[in-house]
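Taking UniProt numbering, the leading residue of the sequence shown gets 1, the next gets one more, and so forth. Even for Gly, the Cβ is constructed at its ideal location relative to N, Cα and C. Have a look at the structure below, then the notes.
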Amino acid sequence: MPFLFAFPASKTLTREFNEVLAAFADGVPSTPQAGAVVSLAQRYADEIVDALVLNLMKGSSASSSAPKVLDTVAKVIKSTAHTLVKQVLAKMSNAELRPMTSYIASRRTQHPVAGVLRDFISFELEQADFLLLKQAWADAAAHGDNHAAMTDAMLRFADLAVQAFYRESAQAVTLGFIARNVFAVGDTAISKGSKSAIKRLIPALKRTELQAFGRYFGDMLLESA
């Protein structure tokens, strides 16, 4: 039984998913697809950042420093992702883009929501990581007082998310020298930026904020049949 971290894709992202995957369904299409794939990849990156970073602002109090920290991290990640996507994918042929569409398809899962099958962005978790995150997020949601455990869990989650959503996307395509350098710089910026934000943000969260944080992330853990 796969253990997943998953969150709903927007209707716009679902439409772009369907259009790009349909274009490549029978092999390499004759019509250039770089523009469509770039648009999909950038929207995909934005929705990941929105779900994992920006939406956390909703649980912050008016006096909290969380929104400023989260907004700064989100801007760094989005800027890095958009730059890499534009510099690399926009110049690729359809044959070169095909592995990227396969990667994006692998991050798309479907789950019923109120009786309707919906698209989710997801990645699989090892059972040990699933249980670690589930316990930390459930405890945070219930009590909101163990900042150290939540910090440790989120640092582990940051590693998993960067691997699944950033490194594996770059590994799906062939990168030239310049693109590899852009990727390496981006990897460092995202990894260090996210971990720095976690270490600064979580210890400063108020009880109600930590509870909201735990509930928010806990709802994204799924056990898929």
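- In the displayed model, residue 213 falls within a helix according to three-state DSSP.
- In this structure, the beta-carbon distance from residue 41 to residue 85 falls below 8 angstroms.
- By the C-beta density criterion, residue 77 is buried, having at least 16 other C-beta atoms within 10 angstroms.
- The three-state reading of DSSP puts residue 110 in strand, counting E and B together.
- With a beta-carbon spacing of about 14 angstroms, residue 99 and residue 179 fall beyond the 8 angstroms limit used to define contacts.
- Annotation: residue 91 to residue 122 spans about 27 angstroms, alpha carbon to alpha carbon.
- If you draw a straight line from the Cα of residue 18 to the Cα of residue 4, it comes to about 22 angstroms.
- Inclusion of residue 111 and residue 204 in the CB contact set at 8 angstroms is not warranted, their separation being larger than that value.
- In the three-state DSSP reduction, residue 28 falls in the coil class, being neither helix nor strand.
- The Cβ neighbour count for residue 209, taken over all protein chains shown within 10 Å, is at least 16; the residue is labelled buried.
- Between the stretch 190-203 and the stretch 156-173, the count of Cβ pairs shorter than 8 angstroms is three or higher; the stretches touch.
- Counting along the chain, residue 165 sits inside no alpha helix (DSSP H), nor does DSSP assign it H or E at all.
- Excluding residues up to 5 positions away in sequence, 28 lie with their Cβ nearer than 7 angstroms to the Cβ of residue 95 in the same chain.
- Only residues of its own chain outside the window of five on either side were considered, and among them 166 and 167 have a CB closer than 7 angstroms to the CB of residue 187, listed in chain order.
- In the structure shown, residue 116 falls within a strand segment according to DSSP collapsed to helix, strand and coil.
- The beta-bridge partner set that DSSP reports for residue 8 consists of 120.
- Setting aside the 5 residues that flank it on each side, residue 51 is surrounded in the same chain by 7, each with a C-beta closer than 6 angstroms to its C-beta; the list follows chain order.
- In chain order, 45 place their CB closer than 6 angstroms to the CB of residue 81, counting only its own chain and leaving out the 5 sequence neighbours on each side.
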